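*Asks:*
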Amino acid sequence: MATIASVHTKTTGFSAASLLAPFRAVGRFMIMLAEASPQMRALNRLSQISDEELSAKGLTREGEVRRILGGAAAL
Numbered sequence: 001m002a003t004i005a006s007v008h009t010k011t012t013g014f015s016a017a018s019l020l021a022p023f024r025a026v027g028r029f030m031i032m033l034a035e036a037s038p039q040m041r042a043l044n045r046l047s048q049i050s051d052e053e054l055s056a057k058g059l060t061r062e063g064e065v066r067r068i069l070g071g072a073a074a075l
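Start counting the sequence shown at 1; every next residue gets the next number (full-length UniProt numbering).
(1) Closest to D51 by CA distance: which of G63, M40, R41 is it?
(2) Going straight from the alpha carbon of F14 to that of G58, what length do you get?
(3) Check whether the Cβ atoms of I68 and A36 sit closer than 7 Å, and answer yes or no.
(4) Do you know how far the Cα of V7 is from the Cα of M40?
(5) Please give me, in chain order, every unbroken run of the alpha helix (DSSP H) with length at least 4 that falls completely inside the stretch 23-53.
(6) Roughly how many angstroms lie between the CA atoms of R28 and A56, to the nearest whole one?
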């Protein structure tokens, strides 16, 4: 003989995911802002250039990063 038991639990609609949702949204927004900055776009362009191309122009990757980031490169 088989017995089937059904358990019904009442939920309040509150979960950890709903508590964390605003923090995730703020985090995604901050990442979006950082990726949209002119410095980030310049660094992305720099990463697409080979070391050989840079040296042909008389530049170094480290020098270009310092130029792009300015004083922030010392951190």
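For each residue, glycine too, the CB sits at the ideal point set by N, CA and C.
Keep in mind it's a predicted model, so treat the numbers as computed, not measured.
*Replies:* The relevant details are as follows:
(1) The shortest C-alpha separation from D51 is found at G63.
(2) Put simply, the backbone Cα of F14 is about 60 Å away from that of G58.
(3) no
(4) 54 Å
(5) 38-47
(6) 39 Å
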